[in-house]
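Participant: In my numbering, the protein residues as written are 1 to 391. I am attaching a structure below and will ask some questions about it afterwards.
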C-alpha cells in the first residue's frame, strides 16, 4: 500500500506570497481562459516569482476539459523554454493539462496512448518540479495523482493516474476561490463531496484515507450552501474541504460515479455536462446501487451518522440519498438526465456504448460493487428518468 501527498501544502489567505521563497531558475506558468488574469492573480504569481529571481514564461488559454492537442502544444513550449519549475494556476483544467505536459516535456518520445494505463508513467522530476495553485474548490488536482484529458475526436475523457504527477507543492489560497461564480461553486462543491464519499466506500480505502474523507464530507455539508451564496468564510472552508477530499481519493481512488461522469461529459450533442454537475446527478443513484453490497451499505451508514442523521442502516442510506437530493435542489442541479436536457432518442441510441466505456473506466476497479455493461445501462436508465435503483 502507498499513501502519497505533496511535500508542502501552504494554505490560508495570502499564501500566494510563498512563491517569493521558491528556489529555481525558470518557471513556465500554465493558466486557463483569463479569469486569473482579470482578477490580478496571474500578475501576482509572475511578480512573486520574479522577486524569487526566477525567469518566467506563460502558457495561456488552456480550455475547460483540456484536449490532447493543448497538452502537446504546452509540452513543446516547455521543451523550448526548459523550465525547472512548472507552475499552474486556475481550475482543474490548467493544472490537469500541465501535469500531462510535464510527462511529454521530460519524455518527448512518449505517446499519449502510453500514459492511459494507470500507474505506468515514466519517472518524472528529471527536468522540473511541479507547483499547483487551485482557484476552484472541487477537483483537488493540486494534491492528487490524477489528470483528466479529453480526446475530442473520440469524445472520451481519459483519467491519467500516477503518483509521479502528484504535485511537489500546493498553494491553497482561499482568496482565489472567492472569485468563483455561484454555478461553479455548486458544481465544484458537489464534485468534492463525491470525491470524499467515493473514497470512503472505495475498496482501497485505508486508515490513512478514512479520516480525511469523513472530515471533508462533514465540511462540505456544513459549508457548501453558504459558500454557494457567496459567504467568504464558507468559501475558505470549502477550499480546504475539497483539498482534504483530494488527499483521500488520490490514495483510495474513486468509483463508478466518476466512471459515468467521465464517459458522459462530452457524449451528447445537447451540450457538455459539467463534471461536478454530472457527479451530483449520479451520486444518489450510485449509492442506491452500491448499498446492495453489505460492506458498502455499512460505510454509507457511517457517513450518514457522521453528518448527524439517525436510524437503522437502511434508513441511514435512504436519508443520505435524500440529503444529497436536497442539496442538489438548493444548488439548482437537476435530478435526472432528462431534466438536464438530454434528448431521449439520442440517449437511447448512445447509452449502450457509453455504459460499456464507463465499465472500462479506470475508476470502476475500486467501486465497492462490481457492475456489468448491462447493469450500467440499466443504472443510466434509472438516472435518465429518476427511477429508484432496485437491482
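Quick reminder that beta carbons are idealized off the backbone N, C-alpha and C, glycines included. Nothing here was measured: the structure is a model prediction, and the numbers come from that model.
(1) My parser needs the beta strand (DSSP E) runs of 3 or more residues fully inside the stretch 108 to 136; what are they?
(2) Please list the terminal residues of the continuous beta strand (DSSP E) segment that includes residue 57.
(3) If we ignore side chains and look at the alpha-carbon of each, how far apart do residue 343 and residue 270 end up?
(4) So, residue 218 versus residue 35, is the Cβ gap smaller than 8 angstroms?
(5) From 242, 384, 276, 143, pick the residue whose C-alpha is nearest to that of residue 338; which is it?
(6) Decide if residue 56 is buried, meaning its Cβ has at least 16 other Cβ atoms within 10 Å, or exposed.
(7) Are the CB atoms of residue 79 and residue 107 nearer to each other than 8 angstroms?
(8) According to DSSP, is residue 146 helix, strand or coil?
(9) Please list, in chain order, all residues of the same chain as residue 68 whose beta carbon is under 7 angstroms from its beta carbon, the five residues on each side excluded.
(10) According to the Cβ coordinates, are residue 30 and residue 74 closer than 8 angstroms?
(11) Rounding to the nearest angstrom, what Cα-Cα distance links residue 205 and residue 382 in this structure?
(12) Helix, strand or coil for residue 90 per DSSP?
(13) Using a Cβ-Cβ cut-off of 8 angstroms (strictly less than) and excluding sequence neighbours within five positions of residue 227, which residues of its own chain qualify?
(14) Between residue 132 and the rest of its own chain, which residues show a CB-CB distance below 7 angstroms, the 5 nearest in sequence each way excluded?
(15) Classify residue 158 as helix, strand or coil using the three-state DSSP reduction.
(16) Closest by CA to residue 223, which one among 331, 366, 7?
(17) Within its chain, find whatever has a CB closer than 8 angstroms to the CB of residue 82; leave out the 5 residues flanking it on each side and keep chain order.
(18) Quick check on residue 289: does DSSP put it in helix, strand or coil?
(19) Let me make sure I understand the geometry here. Which of 371, 15, 61 has the alpha-carbon closest to that of residue 172?
Facilitator: Here's the rundown:
(1) Here the runs fully enclosed are 129 to 134.
(2) Counted from its first residue, the chain shown places residue 57 at position 57. Its beta strand (DSSP E) spans residues 55 to 59.
(3) The residue given as residue 343 occupies position 343 in the chain shown. The residue given as residue 270 occupies position 270 in the chain shown. Rounded to the nearest angstrom, the gap between the Cα atoms of residue 343 and residue 270 is 7 angstroms.
(4) For the purposes of this step, residue 218 is taken as the residue at position 218 of the chain shown. For the purposes of this step, residue 35 is taken as the residue at position 35 of the chain shown. With a cutoff of 8 angstroms on beta-carbon distance, residue 218 and residue 35 are scored as not near each other.
(5) Taking the first residue of the chain shown as position 1, residue 338 is located at position 338. Comparing Cα positions, the closest option is 384.
(6) Against the chain shown, residue 56 aligns to sequence position 56. By the neighbour-count rule (16 or more Cβ atoms within 10 Å), residue 56 is buried.
(7) To locate residue 79, count along the chain shown from 1; it is residue 79. To locate residue 107, count along the chain shown from 1; it is residue 107. No; because the gap between Cβ atoms is not below 8 angstroms, this pair is not in contact.
(8) Working through the chain shown from its first residue, we reach residue 146 at position 146. Strand, per DSSP.
(9) For this step, residue 68 is matched to residue 68 along the chain shown. If you ignore the 5 residues before and after residue 68, its C-beta comes within less than 7 angstroms of the C-beta of 112, 149, 151, all in its own chain and listed in chain order.
(10) Position 30 of the chain shown holds residue 30. Position 74 of the chain shown holds residue 74. Going by C-beta atoms, residue 30 is nearer than 8 angstroms to residue 74.
(11) On the chain shown, position 205 is the one that residue 205 refers to. On the chain shown, position 382 is the one that residue 382 refers to. Distance between the alpha carbons of residue 205 and residue 382 is about 28 angstroms.
(12) Residue numbering aside, residue 90 sits at position 90 when the chain shown is read from its first letter. In the three-state scheme derived from DSSP, where H, G and I count as helix and E and B as strand, residue 90 is classed as strand.
(13) Counting from 1 along the chain shown, the entry for residue 227 is found at position 227. The beta carbon of residue 227 is closer than 8 angstroms to those of 137, 185, 189, 234, 235, 237, 238 in its chain, skipping five residues each way along the sequence.
(14) Translated into positions along the chain shown, residue 132 becomes position 132. Listed in chain order, the non-local C-beta contacts of residue 132 below 7 angstroms within the same chain comprise 88, 95, 141, 142, 167, 170, local neighbours out to five positions each way being set aside.
(15) Taking the chain shown and counting its residues from 1, the one referred to as residue 158 is at position 158. If DSSP states are grouped into helix, strand and coil, residue 158 belongs with the strands.
(16) Taking the chain shown and counting its residues from 1, the one referred to as residue 223 is at position 223. The option with the nearest alpha carbon to residue 223 is 331.
(17) Here residue 82 is taken as the residue at index 82 of the chain shown, counted from 1. Cβ-Cβ distances below 8 angstroms link residue 82 to 26, 127 in the same chain, with the five nearest sequence neighbours on each side left out; the list follows chain order.
(18) The residue you call residue 289 lines up with position 289 of the chain shown. Residue state, collapsed to three classes: helix.
(19) To locate residue 172, count along the chain shown from 1; it is residue 172. If we check each option's Cα against that of residue 172, 15 comes out closest.
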